[in-house]
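Residue numbers (the working numbering), protein chains in the order written: chain A, 11 to 261; chain B, 11 to 261; chain C, 11 to 261; chain D, 11 to 261.
All C-beta atoms in this analysis are idealised placements derived from N, C-alpha and C, irrespective of residue type, glycine included.
Remember, predicted model here, so these are calculated numbers, not experimental data.
The structure appears right after this line, and notes come after that.
4 protein chains.
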Amino acid sequence: MKPVCLVIGAGAGIGGNVARRFAREDYHAVLCRRSDQEGLKRLVSTIEAEGGTASGYLLNAIEEGSIESRVEAVESEIGPVEVAVYNLGAQIGNRSLEDTSHKAFEMGWRLATFGLFRLAQVVCPLMEGRGHGTLLVTSATAAMRGNPGQHSHAAAMGGRRLLCQTLNAEYGPKGVHVAHLVVDGSVDAPDTLGKMLGPERYRKLRETRGDGLMQPDKIADTFWHIAQQHRSVWTHELDLRPFSDSPWWNE
Amino acid sequence: MKPVCLVIGAGAGIGGNVARRFAREDYHAVLCRRSDQEGLKRLVSTIEAEGGTASGYLLNAIEEGSIESRVEAVESEIGPVEVAVYNLGAQIGNRSLEDTSHKAFEMGWRLATFGLFRLAQVVCPLMEGRGHGTLLVTSATAAMRGNPGQHSHAAAMGGRRLLCQTLNAEYGPKGVHVAHLVVDGSVDAPDTLGKMLGPERYRKLRETRGDGLMQPDKIADTFWHIAQQHRSVWTHELDLRPFSDSPWWNE
Amino acid sequence: MKPVCLVIGAGAGIGGNVARRFAREDYHAVLCRRSDQEGLKRLVSTIEAEGGTASGYLLNAIEEGSIESRVEAVESEIGPVEVAVYNLGAQIGNRSLEDTSHKAFEMGWRLATFGLFRLAQVVCPLMEGRGHGTLLVTSATAAMRGNPGQHSHAAAMGGRRLLCQTLNAEYGPKGVHVAHLVVDGSVDAPDTLGKMLGPERYRKLRETRGDGLMQPDKIADTFWHIAQQHRSVWTHELDLRPFSDSPWWNE
Amino acid sequence: MKPVCLVIGAGAGIGGNVARRFAREDYHAVLCRRSDQEGLKRLVSTIEAEGGTASGYLLNAIEEGSIESRVEAVESEIGPVEVAVYNLGAQIGNRSLEDTSHKAFEMGWRLATFGLFRLAQVVCPLMEGRGHGTLLVTSATAAMRGNPGQHSHAAAMGGRRLLCQTLNAEYGPKGVHVAHLVVDGSVDAPDTLGKMLGPERYRKLRETRGDGLMQPDKIADTFWHIAQQHRSVWTHELDLRPFSDSPWWNE
Numbered sequence: 011m012k013p014v015c016l017v018i019g020a021g022a023g024i025g026g027n028v029a030r031r032f033a034r035e036d037y038h039a040v041l042c043r044r045s046d047q048e049g050l051k052r053l054v055s056t057i058e059a060e061g062g063t064a065s066g067y068l069l070n071a072i073e074e075g076s077i078e079s080r081v082e083a084v085e086s087e088i089g090p091v092e093v094a095v096y097n098l099g100a101q102i103g104n105r106s107l108e109d110t111s112h113k114a115f116e117m118g119w120r121l122a123t124f125g126l127f128r129l130a131q132v133v134c135p136l137m138e139g140r141g142h143g144t145l146l147v148t149s150a151t152a153a154m155r156g157n158p159g160q161h162s163h164a165a166a167m168g169g170r171r172l173l174c175q176t177l178n179a180e181y182g183p184k185g186v187h188v189a190h191l192v193v194d195g196s197v198d199a200p201d202t203l204g205k206m207l208g209p210e211r212y213r214k215l216r217e218t219r220g221d222g223l224m225q226p227d228k229i230a231d232t233f234w235h236i237a238q239q240h241r242s243v244w245t246h247e248l249d250l251r252p253f254s255d256s257p258w259w260n261e
Numbered sequence: 011m012k013p014v015c016l017v018i019g020a021g022a023g024i025g026g027n028v029a030r031r032f033a034r035e036d037y038h039a040v041l042c043r044r045s046d047q048e049g050l051k052r053l054v055s056t057i058e059a060e061g062g063t064a065s066g067y068l069l070n071a072i073e074e075g076s077i078e079s080r081v082e083a084v085e086s087e088i089g090p091v092e093v094a095v096y097n098l099g100a101q102i103g104n105r106s107l108e109d110t111s112h113k114a115f116e117m118g119w120r121l122a123t124f125g126l127f128r129l130a131q132v133v134c135p136l137m138e139g140r141g142h143g144t145l146l147v148t149s150a151t152a153a154m155r156g157n158p159g160q161h162s163h164a165a166a167m168g169g170r171r172l173l174c175q176t177l178n179a180e181y182g183p184k185g186v187h188v189a190h191l192v193v194d195g196s197v198d199a200p201d202t203l204g205k206m207l208g209p210e211r212y213r214k215l216r217e218t219r220g221d222g223l224m225q226p227d228k229i230a231d232t233f234w235h236i237a238q239q240h241r242s243v244w245t246h247e248l249d250l251r252p253f254s255d256s257p258w259w260n261e
Numbered sequence: 011m012k013p014v015c016l017v018i019g020a021g022a023g024i025g026g027n028v029a030r031r032f033a034r035e036d037y038h039a040v041l042c043r044r045s046d047q048e049g050l051k052r053l054v055s056t057i058e059a060e061g062g063t064a065s066g067y068l069l070n071a072i073e074e075g076s077i078e079s080r081v082e083a084v085e086s087e088i089g090p091v092e093v094a095v096y097n098l099g100a101q102i103g104n105r106s107l108e109d110t111s112h113k114a115f116e117m118g119w120r121l122a123t124f125g126l127f128r129l130a131q132v133v134c135p136l137m138e139g140r141g142h143g144t145l146l147v148t149s150a151t152a153a154m155r156g157n158p159g160q161h162s163h164a165a166a167m168g169g170r171r172l173l174c175q176t177l178n179a180e181y182g183p184k185g186v187h188v189a190h191l192v193v194d195g196s197v198d199a200p201d202t203l204g205k206m207l208g209p210e211r212y213r214k215l216r217e218t219r220g221d222g223l224m225q226p227d228k229i230a231d232t233f234w235h236i237a238q239q240h241r242s243v244w245t246h247e248l249d250l251r252p253f254s255d256s257p258w259w260n261e
Numbered sequence: 011m012k013p014v015c016l017v018i019g020a021g022a023g024i025g026g027n028v029a030r031r032f033a034r035e036d037y038h039a040v041l042c043r044r045s046d047q048e049g050l051k052r053l054v055s056t057i058e059a060e061g062g063t064a065s066g067y068l069l070n071a072i073e074e075g076s077i078e079s080r081v082e083a084v085e086s087e088i089g090p091v092e093v094a095v096y097n098l099g100a101q102i103g104n105r106s107l108e109d110t111s112h113k114a115f116e117m118g119w120r121l122a123t124f125g126l127f128r129l130a131q132v133v134c135p136l137m138e139g140r141g142h143g144t145l146l147v148t149s150a151t152a153a154m155r156g157n158p159g160q161h162s163h164a165a166a167m168g169g170r171r172l173l174c175q176t177l178n179a180e181y182g183p184k185g186v187h188v189a190h191l192v193v194d195g196s197v198d199a200p201d202t203l204g205k206m207l208g209p210e211r212y213r214k215l216r217e218t219r220g221d222g223l224m225q226p227d228k229i230a231d232t233f234w235h236i237a238q239q240h241r242s243v244w245t246h247e248l249d250l251r252p253f254s255d256s257p258w259w260n261e
């Protein structure tokens, strides 16, 4: 029975590429995303075409019990979740305080913070029982500082970052590796950046930016490395950005 | 008509003392707390006995519309909220991940993050309209790093801190001063520390710790100073702790 | 005998205004600066005209023994250094790595880091002996993050910040208050900004920026407040910037 | 001609293992250390026995011109320095402020900060000329916060960290990858930990701590990974610690 790499938020960007990377290393990839059954099938087929195995599920992470029951089903039907990847974003663009509805503020928290809490609550004890496991959390600079218009996003990601620290503090000594990976740049992802820009502008941006767009299969290499670190040398937090970008802390 | 200093979370510790300090400087203090009508009356009476004016209201901050309607009533019946103090904590003690219920996790967010968002959403535009105003946010080291057992608290306070940054980024240039004040130590507060320890242990601790317990009237001096800073030299974040304590970042 | 407020780096900006503020509160101000005997006399005269007392000395902080012998002379001839202010900057403008000479890199360290170490080494034990005292350190965002071209400055100020933390860790419990004050904006100071810009551009900037230039006498108010904090509620670090500026951490 | 991995500070811990790791990946390893010609030979022999190539040099990093001339000789005689590793520590144990001599304070800076500046000044332009290259800097938690007794070390490492940021800001866009790697734990290194403890205590510690001691060959895996990151997804900073240790930010 293969170990499982479970990805919550598996589009054609970071999530799908991380799933594919682990599948290549003989994990069974379980891909979950909210919508787009076709896109999901395509990702699973790509992995299978490369000789890997994968399963895909539509999953509405903010629905009560959705993450929990998916983890339980995977554990009983497929195999132990050795690596869980929480890759849900909560960026809604810049909105002034007055234009940020209660609902939008709460939704940010449900996606970015509470969903991770729920995933951790179900996978960490299982990993603890096995004495090992890895929880990789994709994050953003909104977890490090609050920019204008980012009320919902920054409050939610700031919570996510410190939640990763409390999880690490409790589960690290039990053999569970929790890592907070700050993606500080634009990812070359057709499902997010591509849809935001439209096909024409997306094509042009890819041409002009080149390696200034973060390549998600290369991000996946670092996710894989972190999951492979020997337990005497674990990384809890790192940043990732294109060589050509200024880090968030620079002027 | 006096300017108003509105305190959300006005017990006998930081909140009550900040209210009293502003009342002494000729603000009308509006004290809000969830329960203890007697304690509330006592605080109002103390302020009045010192020659100040104050009003007290029971207010359940997590109830929909509670903060919003209180601000509206104060603005129409008492005076403009020149200074708003968000002093609600969300510390529930250390709980393992498995012992942290969904409800407890959400409650932390509602008290520490969402309540501040709601207060800001109603007072910041009013202050912007007047061209000035101050929002002082009491915070904790759980806003800076996530300790073991602090899943609910740290996620909520981490969100609070970055929310203060987004509020500052949007409202600073409009003349509204938002400050995040990190209280890194035990406050000599009968309503929180005192109730937690019981009268006997509390009495003893006060004797042995002396100035190692943060005196809330002295904390209030710094809150007052920050609210008085000239707008060319505003502080957004500072820490406060007893001389005898190690800061959170030290070993 | 009045307590002394010793200012290392006393020009017409932050340093001179802090000296003046303390002199108004019945401290004897001791002003030290590297050059400009006339400017020094003017600052002393201004303080005296306001009814205060002050002394001025030319002092080359990087010269061996200069700070040490000045402190000793002040302690024996004037009075106990109750408050020491280290206000020497080390900004040399942006220089590429190749254009940053060994000498410039070392000079940054000598001014920004080593000079503070030397001051601390002589005043902290004296303050410890008296059971109280305050060391206020003016700092910059170069202490928080390294910007392009800031090789010398950022390395030196990054060292300064952590030195403040080690001093605080060792001397806080002994009653000595060490504070690191991050000035994140342009200060309306004729001796630095004024000389950099020239009289005409400086005049115009003051007109157009208004409260967007940090007023040094207002900065002095916060220095004074920090020095007055009760020892149960000390601030170790805070930031200061104009309402109209973006903090360094924002995009 | 093989690319060169130059290690400044190549003992039997992180430095030697990083050299060995790169040698296994077909780099020529150049090992530099201040003393112990025998240890140096042993490291070179180990690499050669594994089929790699390496050279060893004694190098006193604080001596004027030492790093510069070594880099020049390597570039002209061996090959291009594709990866430079700055692995010199400056930990001198805890010393009170009064027991920290001017010399010790300066030595910390010369080793931890100025030496890195000098290395960068000679290798970064060479790497820029080639359009690629990597500078890996081993660091410590003393770069993040100042603990008691760490006056020299923290001031020096705090400077090192911000210097890494200024180097990254200037050279990242030119294709040179600068990374700051915070080692937050005890490394199982005979040349440092071993000598500090003596053979008997070192043996016992290894038995009792097990994976709680950071294994330097595993640290080398992460150094290797960072040097291999695609330039669209570079890491500038990460931490490394044993699963069983509390991070520096936790209580």
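*Where does Y96/A fall in DSSP's three states?*
If you number the first sequence from 1, residue 96/A lands on position 86. Note: Y96/A maps to strand in three-state DSSP.
*Which residues, in chain order, does the stretch 173-193 of chain C contribute to contact with chain B at a C-beta distance below 8 Å?*
Q175, N178, A179, G182, P183, G185 and H187
*What residue does the alpha helix (DSSP H) around Y67/B start on, and which one ends it?*
Indexing the second sequence from 1 puts residue 67/B at position 57. No alpha helix (DSSP H) holds Y67/B; the beta strand (DSSP E) holding it covers T63 to L68.
*Is the distance from the Cβ of A71/D to the Cβ of A33/D below 7 Å?*
In the fourth sequence, residue 71/D corresponds to position 61, counting from 1. In the fourth sequence, residue 33/D corresponds to position 23, counting from 1. Not in contact: A71/D and A33/D (Cβ atoms no closer than 7 Å).
*Using a C-beta to C-beta distance shorter than 7 Å, which residues of chain F count as neighbours of R155/B?*
Among the protein chains of the structure shown, namely A, B, C and D, there is no chain F.
*asked:* Whole angstroms are fine: how far does the CA of S242/D sit from the CA of R251/A?
replied: Sequence index remark: in the first sequence, residue 251/A carries index 241 (1-based). Sequence index remark: in the fourth sequence, residue 242/D carries index 232 (1-based). Taking the straight line joining both Cα atoms gives about 6 Å.
*Give the single residue among P90/D, S76/D, D46/D and E74/D whose Cα lies nearest to the Cα of A39/D.*
Within the fourth sequence, the letter at position 29 stands for residue 39/D. That would be P90/D, whose Cα lies nearest to the Cα of A39/D.
*Measuring alpha carbon to alpha carbon, tell me which of G168/A, I229/A and D255/A ends up nearest A29/A.*
Residue mapping note: residue 29/A aligns to position 19 of the first sequence, counting from 1. Minimum Cα distance to A29/A is reached at I229/A.
*Please compile the residues from chain D whose C-beta is within a distance smaller than 9 Å of the C-beta of P158/B.*
Indexing the second sequence from 1 puts residue 158/B at position 148. Ordered by position in chain D, the residues that pass the 9 Å Cβ test against P158/B are S256, N260 and E261.
*Could you spell out the range, first to last residue, of the alpha helix (DSSP H) harbouring I77/B?*
In the second sequence, residue 77/B corresponds to position 67, counting from 1. That run of the alpha helix (DSSP H) goes S76 to E87.
*Closest Cβ-Cβ distance between L107/B and chain A: below 7 Å?*
Counting from 1 along the second sequence, the entry for residue 107/B is found at position 97. Residue-level contact by beta carbon holds for L107/B and chain A, with a gap shorter than 7 Å.
_Start-end ranges of the alpha helix (DSSP H) lying completely within the stretch 149-197 of chain B, minimum 4 residues_ = Runs of the alpha helix (DSSP H) inside the stretch 149-197 of chain B: 161-181.
*Along chain C, in chain order, which residues have C-beta atoms closer than 8 Å to that of C134/D?*
Residue numbering aside, residue 134/D sits at position 124 when the fourth sequence is read from its first letter. Against chain C, the beta carbon of C134/D has neighbours under 8 Å at L107, listed in chain order.
*asked:* For K51/B and D231/B, I'd like the C-alpha separation in whole angstroms.
replied: For the purposes of this step, residue 51/B is identified with residue 41 of the second sequence, where counting begins at 1. For the purposes of this step, residue 231/B is identified with residue 221 of the second sequence, where counting begins at 1. So the two alpha carbons sit approximately 23 Å from each other.
*asked:* Looking at chain B, is there any beta carbon in it that lies within less than 7 Å of the beta carbon of H161/A?
replied: Numbered from 1 along the first sequence, position 151 holds the residue referred to as residue 161/A. Taking Cβ atoms only, chain B reaches closer than 7 Å to H161/A, which makes this a yes.
*Please report how far the alpha carbon of L262/C lies from the alpha carbon of E261/B, in whole angstroms.*
One cannot answer for residue 262/C here, as it falls past the ends of chain C, which runs 11 to 261.
*Measuring only between beta-carbons, confirm whether P200/D sits less than 7 Å from chain A.*
Translated into the one-based positions of the fourth sequence, residue 200/D becomes position 190. No, P200/D lies away from the interface with chain A (no Cβ there is under 7 Å from its Cβ).
*Assign L129/A to one of three DSSP states: helix, strand, or coil.*
To locate residue 129/A, count along the first sequence from 1; it is residue 119. Three-state result, L129/A: helix.
*With D249/C as the anchor, note down where its alpha helix (DSSP H) starts and where it stops.*
As a first step, residue 249/C must be located in the third sequence, where it is residue number 239. For D249/C, no alpha helix (DSSP H) segment is defined; the enclosing uninterrupted segment is the beta strand (DSSP E) at E247 to L250.
_Tell me the rounded alpha-carbon separation between T218/C and T56/A._
One-based indexing of the third sequence puts residue 218/C at position 208. One-based indexing of the first sequence puts residue 56/A at position 46. Approximately 60 Å, taken between the alpha carbons.
*By Cβ distance, which residues of its chain are closer than 7 Å to L129/B, with the 5 residues on each side in sequence left out?*
One-based indexing of the second sequence puts residue 129/B at position 119. Contacts found: I18, I77, A94 and Y96.
_is_contact[M137/A, chain D] using C-beta, thresh 7 Å_ = Stepping through the first sequence from its first residue, residue 137/A is reached at position 127. False, the Cβ-Cβ gap to chain D never drops below 7 Å.
*asked:* So that I know if they touch, is there some Cβ in chain B lying closer than 7 Å to that of R171/A?
replied: Position 161 of the first sequence holds residue 171/A. Yes, R171/A lies at the interface with chain B (some Cβ there is under 7 Å from its Cβ).
*Cβ atoms of A189/B and H142/B: under 7 Å apart, would you say?*
Locating residue 142/B in the second sequence gives position 132, counting from the first residue. Locating residue 189/B in the second sequence gives position 179, counting from the first residue. Not closer than 7 Å, so no.
_Contacts of M167/D in chain A (Cβ-Cβ under 7 Å)_ = The residue you call residue 167/D lines up with position 157 of the fourth sequence. Going along chain A, no residue has its Cβ under 7 Å from M167/D, so there is no contact; the nearest lies around 18 Å.
*asked:* Contact criterion: CB-CB distance below 7 Å. Does W244/A meet it with respect to chain B?
replied: Walking along the first sequence from the start, residue 244/A turns up at place 234. Not closer than 7 Å to any Cβ of chain B, the Cβ of W244/A fails to qualify, so no.
_For A38/A, the first and last residue of its enclosing beta strand (DSSP E)_ = Counting from one through the first sequence, the residue named residue 38/A turns up at place 28. The identity of residue 38/A in the sequence shown is His, whereas the question assumes Ala. It spans H38 to R43 - the beta strand (DSSP E) in which H38/A sits, taken as one unbroken run.
*Identify, in the order they occur along the chain, each residue of the same chain with its Cβ nearer than 6 Å to the Cβ of G195/A, setting aside the five sequence neighbours on each side.*
Reading the first sequence from its first residue, position 185 is the one you call residue 195/A. If we look at G195/A and ignore the five residues flanking it on each side, its Cβ neighbours are M224, R251, P252 and D255.
_Here's a check: name, in chain order, each residue in its chain whose Cβ is nearer than 7 Å to the Cβ of K113/C, leaving out the five neighbours to either side._
For the purposes of this step, residue 113/C is identified with residue 103 of the third sequence, where counting begins at 1. Hits under 7 Å: none found.
*On the premise that V197/A lies in contact with P226/A, defined as a C-beta separation below 8 Å, what is that separation, rounded to the nearest angstrom?*
For the purposes of this step, residue 226/A is identified with residue 216 of the first sequence, where counting begins at 1. For the purposes of this step, residue 197/A is identified with residue 187 of the first sequence, where counting begins at 1. At roughly 6 Å, the Cβ-Cβ gap stays under 8 Å, so P226/A and V197/A are in contact.
*Going by the beta-carbon positions, is the gap between H187/B and G118/B smaller than 7 Å?*
Taking the first residue of the second sequence as position 1, residue 187/B is located at position 177. Taking the first residue of the second sequence as position 1, residue 118/B is located at position 108. Contact: no.
*So the alpha helix (DSSP H) I18/D belongs to, where does it begin and stop?*
One-based indexing of the fourth sequence puts residue 18/D at position 8. Counting along the chain, I18/D falls outside any alpha helix (DSSP H), though it belongs to the beta strand (DSSP E) covering V14 to I18.
*Residues of chain B with CB under 7 Å from T218/C, in chain order?*
Position 208 of the third sequence holds residue 218/C. Per Cβ cutoff of 7 Å: no residues; T218/C is ~14 Å from chain B at best.
*Can you give the Cα-Cα distance for H20/B and G49/B, rounded to whole angstroms?*
As a position in the second sequence, residue 20/B is number 10, starting the count at 1. As a position in the second sequence, residue 49/B is number 39, starting the count at 1. Residue identity check: residue 20/B is Ala in the sequence provided, not His. Cα to Cα, A20/B sits roughly 10 Å from G49/B.
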